[in-house]
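Enquirer: Here's a structure for you.
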Amino acid sequence: MSFSNENQSLKQLIVLGNGFDLACGLKSTYSDFFDYIYGQQIVNNTNSNNFWYDIFRNYKQKSIENWADIEEQILIQLKNIEYLYNEKILIEGRGDSETSSLAQSEYKENNIPMNLYVTLEFLLPYFVKVRSEKTTQNILKIQLLILEDDFRKYLLSITKNNADDGIYYKYYMKSKVLNKYIQLCNSSESHNSDLVSKLEDTTIFKHSPQKKKFDETLSEIYKEKNSNENLVLIFNYTKVWDVENVRNIHGDLDNGNIIFGIDYDKLNNNFKNAPIEFSKSYRVLENGLTSTFDISSDIDIIKIYGHGLGKADYSYYQSIFDSVDLYHGKTKVMFFWSDYKDKEKEQIHKDFVNGVTNLIEEYGTTFSNKDHGRNLFTKLLLENRLTIEEIPVNELFLNVQLKILDNTRIF
C-alpha cells in the first residue's frame, strides 16, 4: 500500500525525545543513570563531592516526586539559593558554622521549609565562608558539568557495540525499525497496519542477525513507500541512522558535548536576576552547538514522538510552530505515544493527551491576537491538522531476537 499522498512527496519535521530510546530498550532515563552512579559509589566506597549528586540522592531516598528530573531540580535549587540570599540566611563572608546554626534555628521555628533547609545543608560543605551568590552559581555550574560528563559516559557504556550479549544490535534494529515507522506512517489505519507487518518481517532471523541483510530488507520497504524529505530534531543524545538532516539540539554522544539546562523564558519569569548561564539557549551557544537547520514554512507534517512535552522545552516548540505559521498555515501535527511497563495504558494515554493539550494551549497564549490563541486547539482539530496516534512498539519489535545466538560479530 502506498503512502496516502502517493503523487506528492512530503516535507516532514520529526521531533524525537528520550522516549524513543526507551522504546528501543535503552535504560537512558535520569533515574537509571543515578541508580548506576550511586551503585558505583557503594561498590567503590566513594563519595560524590558534588552538590547535585547529594541533592538527588537525598530526594531519591525520600521518594520525592520527580526526584530525578535534572532540569526541574536545577531550577528549584537555583530558586532556593536566590531565596536564601535574599532573606539574609546566606550572607557573603559569614562563616559556615554560624550560617548553619542560624538555618537550624529558622527551620525549627518553621520560618523556612524543609526543601530550603536541605538545599542549605548540602551547599554549606563547599564553603568555609559564604561566597557571593554569583560565585555560588559558578561552583554549581562547574559541578553540573561533571554531572553532564558522567551522564555522557553512562550513555556510551550502554550504547557501545557489545558482541557478547547483542545489546547494541538489539538497539540498532529497534531504533531503525521505529524510525522508519515514524517516517512512513500517516493517518490511515490500514496503511499503518500494513507497515507494521512489513517492518516486523525485517527482524525475523533463524540464525544470528546480520546487519547487512537487515539493512537491505529495511531499505527495500523504505524505497517502496517513501519519497519524503525528512528533517529530524532530537532532544536526546543518541544517533538516528539513515537521515541526513539531523540536529541533536542538546548535544550528542559522538561529539561529547551534551548539556542540561532550563528554558530561557522560565528563568526570566522566575528570577529577579536570572542566571542565564543555566539556560539551554546559553548552553547551546556556549558549547558551539549551533548549526544550519532550516525549519521552513513549507513543512507539511510535524511528527513528535518520545518527548515528555515538559515546560523546559516549550520555547523550542514555540519556535517550531512560529516557523510554520501554525495558526494560518496548513502544516499538520502528529503526536505519537506508546505503551510501556509500570503504568496502565489508559493512564499513559490520558497523561499524553493532557500534555499535548497543555502544549497547544500554552502556545496559544503567545499570540498577540488572543482570540486566535484561545481557539487554536479547536481550529487544528476542525481542520484535521492535529492527531494523536499510538505506535504499537510491541508489535513492531515482536521478532527482534532476545539475544544473539552464536556471538557472531555483526559490525
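With full-length UniProt numbering applied, the sequence shown covers 1 to 411.
Yeah, the Cβ is synthetic: ideal placement off N, Cα and C, and Gly gets one too.
As the structure is a prediction and not an experimental result, all values here were calculated from the model.
Based on the DSSP output, what are the partners of residue 460 in its beta bridges?
Expert: Nothing in the structure corresponds to residue 460, since the chain is present only between 1 and 411.
Enquirer: Which of the three DSSP states is assigned to Y327 in this structure?
Expert: The answer is coil: DSSP assigns Y327 none of H, G, I, E or B.
Enquirer: Using C-beta distances below 7 Å, list every residue in its chain close to Y36, excluding the 5 sequence neighbours before and after it, in chain order.
Expert: So the qualifying residues of the chain are Y154.
Enquirer: CB V130 to CB E106, shorter than 8 Å?
Expert: Not a contact, by the Cβ cut-off of 8 Å.
Enquirer: In whole angstroms, give me the CA-to-CA distance for S279 and K213.
Expert: Using only the alpha carbons, I get a separation of about 44 Å.
Enquirer: I need the boundaries of the beta strand (DSSP E) containing L253, first residue and last residue.
Expert: Segment: none, L253 is in no beta strand (DSSP E) and carries neither H nor E.
Enquirer: Terminal residues of the continuous beta strand (DSSP E) containing Y305?
Expert: Looking at the DSSP string, the run of the beta strand (DSSP E) that includes Y305 is 301–305.
Enquirer: Return yes when the Cβ of F51 is within less than 8 Å of the Cβ of Y169, no when it is not.
Expert: Contact: no.
Enquirer: Apart from the five residues just before and just after R374, which ones in its own chain have a Cβ nearer than 8 Å to its Cβ?
Expert: For R374, where only same-chain residues beyond five positions count, the Cβ hits under 8 Å are G364.
Enquirer: Note down the Cα distance separating E82 from K60, rounded to an integer number of angstroms.
Expert: If I take the Cα positions, the gap works out to 24 Å.
Enquirer: Is the distance from the Cβ of L178 to the Cβ of F20 below 8 Å?
Expert: Going by C-beta atoms, L178 is nearer than 8 Å to F20.
Enquirer: Using only alpha-carbon positions, find the residue among V324, L90, Y305 that is nearest to E133.
Expert: Considering only alpha carbons, the answer is L90.
Enquirer: Work out the CA separation of Y117 and R283 for me, nearest whole Å.
Expert: Distance between the alpha carbons of R283 and Y117: 29 Å.
Enquirer: Using beta-carbon positions only, say whether S297 and S323 come within less than 8 Å of one another.
Expert: Yes, the Cβ-Cβ distance between S297 and S323 is below 8 Å.
Enquirer: Compute the Euclidean distance between the alpha carbons of E71 and G306, then round it to the nearest angstrom.
Expert: E71 and G306: Cα-Cα distance of roughly 17 Å.
Enquirer: Three-state secondary structure (DSSP) at G95?
Expert: G95 falls in the strand class under three-state DSSP.
Enquirer: On the CB-based measure, 16 or more other CB atoms within 10 Å of its CB, does H372 come out buried or exposed?
Expert: With fewer than 16 Cβ atoms within 10 Å of its Cβ, H372 is classed as exposed.
Enquirer: With burial defined as no fewer than 16 other Cβ atoms inside 10 Å of the residue's Cβ, what is the status of S31: buried or exposed?
Expert: The residue in question, S31, is exposed, as its Cβ has fewer than 16 Cβ neighbours within 10 Å.
Enquirer: So, with DSSP's three-state summary, where would you put K332?
Expert: Three-state result, K332: strand.
Enquirer: Mind reading off the beta-carbon distance from L26 to L233? Whole number of angstroms is fine, and I expect it under 8 Å.
Expert: Actually they are not in contact, since the Cβ atoms of L26 and L233 sit about 19 Å apart, beyond 8 Å.
Enquirer: Name the DSSP bridge partner or partners of L233?
Expert: The partner list for L233 (beta bridge, DSSP) reads V15, R247.
Enquirer: Distance, Cα to Cα, S190 vs D263?
Expert: Any reading at S190 needs caution, since the residue's pLDDT is 46, under 50, leaving its predicted position unreliable; the model's value is listed next. Cα-Cα distance, rounded: 40 Å.
Enquirer: By Cβ distance, which residues of its chain are closer than 6 Å to V393, with the 5 residues on each side in sequence left out?
Expert: Closer than 6 Å at the Cβ level, and outside the excluded window around V393, lie A23, S338.
Enquirer: Let me know the secondary structure DSSP gives K88 once reduced to three states.
Expert: Of the three classes helix, strand and coil, the one that applies to K88 here is coil, per DSSP.
Enquirer: Which stretch, first to last residue, makes up the alpha helix (DSSP H) that contains L359?
Expert: It spans 345–364 - the alpha helix (DSSP H) in which L359 sits, taken as one unbroken run.
Enquirer: Quick check: what's the CA-CA separation for Y53 versus K330?
Expert: Looking at the two C-alpha atoms, the distance is approximately 46 Å.
Enquirer: Report all residues from its chain with a CB closer than 6 Å to the CB of N5; omit the five preceding and five following residues, and keep chain order.
Expert: Bear in mind that the predicted position of N5 carries a pLDDT of just 47, short of 50, making it unreliable; the figure below should be weighed with that in mind. Excluding sequence neighbours, N5 sits near nothing in its chain.
Enquirer: Give the range of the alpha helix (DSSP H) segment to which E277 is assigned.
Expert: Element bounds for E277: n/a, residue is neither H nor E.
Enquirer: Residue 423 lies in the alpha helix (DSSP H); which residues open and close that run?
Expert: There is no way to answer for residue 423, as the model of the chain reaches only from 1 to 411.
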